[in-house]
Amino acid sequence: MVRMLPQPSVFQFTKLLTVLVKMKQYAVALSLFDKMRQLGAPVDEFAMSIAINCYCLLNRVDFGFAILGTFFKRGCEPDVTTFTTLIKGLFLVGEIAEAEKLFKKLLSEKLCEPDEIMYLIVLNGLSKAGHILAARDLLGHFENLSCKPDVRAYNAVIDGLCKHNMSDDALHLLSRMIEKGILPNVVTYSSIIQGLCNVGRWKDVKDLLKEMLDYKVSPNVRTYSILVNAFCKEGMVEEAENVLEIMVQRNVCPDIITYSALIDGYCLRGQMGKAKRVLECAYNAVIDGLCKHNMSDDALHLLSRMIEKGILPNVVTYSSIIQGLCNVGRWKDVKDLLKEMLDYKVSPNVRTYSILVNAFCKEGMVEEAENVLEIMVQRNVCPDIITYSALIDGYCLRGQMGKAKRVLYSLADRGLTPNIVSYNSLINGYCKQGMLDKVWHLFLEVSCKGLQHNTVSYNTMIHGLFCKGRFADGWKLFNDMQARSVMPDSQTYNILLDGLCRTQQIAQALSFLCMMEDTGVKPNIIAYAIVIDGLCKGGKLEIARDLFNQLPSKGLQPDTQTYTSLLVHFVEKDLRGCKSLASEMEKSVVHLIM
1 MVRMLPQPSV
11 FQFTKLLTVL
21 VKMKQYAVAL
31 SLFDKMRQLG
41 APVDEFAMSI
51 AINCYCLLNR
61 VDFGFAILGT
71 FFKRGCEPDV
81 TTFTTLIKGL
91 FLVGEIAEAE
101 KLFKKLLSEK
111 LCEPDEIMYL
121 IVLNGLSKAG
131 HILAARDLLG
141 HFENLSCKPD
151 VRAYNAVIDG
161 LCKHNMSDDA
171 LHLLSRMIEK
181 GILPNVVTYS
191 SIIQGLCNVG
201 RWKDVKDLLK
211 EMLDYKVSPN
221 VRTYSILVNA
231 FCKEGMVEEA
241 ENVLEIMVQR
251 NVCPDIITYS
261 ALIDGYCLRG
271 QMGKAKRVLE
281 CAYNAVIDGL
291 CKHNMSDDAL
301 HLLSRMIEKG
311 ILPNVVTYSS
321 IIQGLCNVGR
331 WKDVKDLLKE
341 MLDYKVSPNV
351 RTYSILVNAF
361 CKEGMVEEAE
371 NVLEIMVQRN
381 VCPDIITYSA
391 LIDGYCLRGQ
401 MGKAKRVLYS
411 LADRGLTPNI
421 VSYNSLINGY
431 CKQGMLDKVW
441 HLFLEVSCKG
451 LQHNTVSYNT
461 MIHGLFCKGR
471 FADGWKLFND
481 MQARSVMPDS
491 QTYNILLDGL
501 CRTQQIAQAL
511 SFLCMMEDTG
521 VKPNIIAYAI
531 VIDGLCKGGK
541 LEIARDLFNQ
551 LPSKGLQPDT
561 QTYTSLLVHF
571 VEKDLRGCKS
581 LASEMEKSVV
591 HLIM
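Those letters in the sequence shown? Residues 1 to 594, per the UniProt record's numbering, in order.
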């Protein structure tokens, strides 16, 4: 790109730098920035600010200040963002005094007007460095400005106060923020609860937990872990166990910190048997987390370590790893693990078998899924609704609607009640076959059964109607979805955008794209690809190119489909943009980094 003639504009350079920073490729961004300067390419204030940010993120704030010197040499004025970046960089490398000095200089010499972000950075930096009184005074000053502190600013100071055993000051600040109409969040309360627990003020902890619930603020895993840890350190293990029970009741999963605190509590009491059982749970929690993040090899390594330490895995351990391996199609490893389970006398349970049935069905291996079901029956493990829903989905994916329907309507005879997942699979199957009369009958049947349609149900139906050209019916269903308070997701909006573009309602599609952001659903690359393709097909190539150019600033990387759509239409119109677009595609960010 840097060797292109004529040279790309400063906008194109900064766009590429922005994408690299979003991908955390700071060194690559700086290398490109240096090449730009060496070749005499245009570099503006924005590009220099990006370079300063990269140096600060690499803990080389000194080089960041060197770039600042370039600002002044060129007669440019750094803005609040540039100075905020440098202050943050100084805090990151522990130069607290220098950060304070720079901030005070900005105020005294009026070099720039600090905004909410700068104040937040300084408050965070001072609090974490232990300069809590300075942070508290600064917050008081901040409250009197036109730009007011938000909950994050108060949280930074409250956390610092609590860490310095100044819980009364933290409680006073909590009251002050509420008086100013700033509602505390779970971070606020967790910090103060930690501070109160540290000094054994249990009544105040109890009052604060009640206040949380009054303000509809739900404790999270950190809040509960603080309580478990505090109770265990005081030898109040029964109270810690009660907290764990409440977590389970409220569907808050304990993490490794929670389990570690409980293990310490049991060990302090000499209850080694209980400590060992909790340790098993802790291993299972970590293994499950690894598998859910596609880190199956790490999970297998941890399983080996667990066995080496004399902690035998149970059915929960194996089921989690089998799920992770199935997700990436490692069937041989699944087979080996099932054999290992039996060697250790660990019997698969209904969850283990359901994982296998679901994985086989998703891969189109329905016969293997049926074999698993037979083994379950032979071993007196009763399939549950999850098992049968997976099988129904497998039949639907194969187009075997008769078999899928028979399984659905046989559930009552097996003592099971179909759920919305079971019906959604059948609805999807009929939609794919274009059998809209049957699918509509099934859609209405769900309501008669007392079940509530979810987002997946509506997405499937709307897409099915659009595929048959019944756009008006699809939009009616979307209105019904909203009337019933079923929240649309990004897939819903992508289906609707596709419908608008297919009916040449391009202006409405662009408006809809803006409306998505207003409703809190950020459009993804698929949404933009749909609209760009619609614009191209409607002959609006310049608007399509403009929208395409905005993608990096939105943190989105154009995919092959988006490039191809533009290229095809530029070729058809014989526009000059075709050559530059092809070159851009060839030298896209992904290829640059590779």
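Where is the CB? At the ideal position from N, CA and C, for every residue including glycine.
Computed from a predicted structure; not experimentally measured.
Residue 487 sits exposed, since fewer than 16 C-beta atoms from the chains shown fall within 10 Å of its C-beta.
Around the beta carbon of residue 225, a 10 Å sphere encloses 16 or more other beta carbons of the protein chains shown; the residue is thus reported as buried.
Secondary structure of residue 254 (DSSP, three-state): coil. Boundaries cannot be given for residue 344, as no alpha helix (DSSP H) includes it and DSSP labels it neither H nor E. Residue 314 sits in coil when the DSSP states are folded into three classes, being neither helix nor strand. In this structure the segment 135 to 154 touches the segment 118 to 126; the number of beta carbon pairs closer than 8 Å is three or more. Judged by beta-carbon spacing, residue 392 lies within the 8 Å limit of residue 408, meaning their Cβ atoms are closer than that value.
Taken through DSSP and simplified to helix, strand or coil, residue 215 comes out as coil. Shown here, residue 146 sits in coil according to DSSP, grouped into three states, outside any helix or strand. Annotation for residue 490: the continuous alpha helix (DSSP H) segment containing it runs 490 to 502. Scanning its chain for C-beta atoms nearer than 6 Å, with the 5 sequence neighbours on each side dropped, one finds around residue 421 the residues 389, in chain order.
Membership of residue 441 in the alpha helix (DSSP H) is indicated by the continuous run 436 to 448. Counting along the chain, residue 49 sits inside the alpha helix (DSSP H) bounded by residues 45 to 57. Between the alpha carbons of residue 132 and residue 103 lies a distance of about 16 Å. Distance between residue 151 and residue 187, taken at the CA atoms: about 9 Å. Distance from the Cα of residue 454 is smallest, within the candidate group 434, 481, 445, 274, for 481. Going by DSSP, residue 396 is part of the alpha helix (DSSP H) stretching over 385 to 397. The DSSP assignment places complete alpha helix (DSSP H) segments of no fewer than 4 residues inside the UniProt repeat "PPR" (279 to 313) at 296 to 308, in order along the chain. Between residue 394 and residue 369 the beta-carbon gap is near 6 Å, inside 8 Å, which marks them as a contact.
DSSP places residue 61 in the helix class (H, G or I) of the three-state scheme.
Ranked by Cα distance from residue 554, the first of 208, 539, 527, 49 is 527. In this structure residue 495 does not touch residue 524 by the C-beta definition: roughly 13 Å separates them, more than the 8 Å allowed. The three-state secondary structure of residue 113, taken from DSSP, is coil. Take the alpha-carbon of residue 447 and the one of residue 441: they are about 11 Å apart. The C-beta of residue 243 has 16 or more other C-beta atoms within 10 Å across all chains shown, which makes the residue buried.
In this structure, residue 184 lies near residue 217, with their beta-carbon atoms less than 8 Å apart. Contact check for residue 283 and residue 274: beta-carbon distance about 15 Å, past the 8 Å limit, so the pair fails to qualify.
In the structure shown, residue 25 falls within a coil segment according to DSSP collapsed to helix, strand and coil. Taking 8 Å as the cut-off, the Cβ atoms of residue 354 and residue 384 count as close.
Between residue 364 and residue 330, the gap from beta carbon to beta carbon reaches 8 Å or more. Excluding the 5 residues flanking it on each side, residue 506 has same chain C-beta neighbours closer than 7 Å at 534, 535, 538, 540, in chain order.
With fewer than 16 other Cβ atoms from the protein chains shown falling within 10 Å of its own Cβ, residue 294 counts as exposed. Under the three-state reduction of DSSP, residue 463 is assigned to helix. Our two residues, residue 531 and residue 465, have alpha carbons roughly 20 Å apart in a direct line.
Counting only the Cα atoms, residue 154 lies some 48 Å from residue 425.
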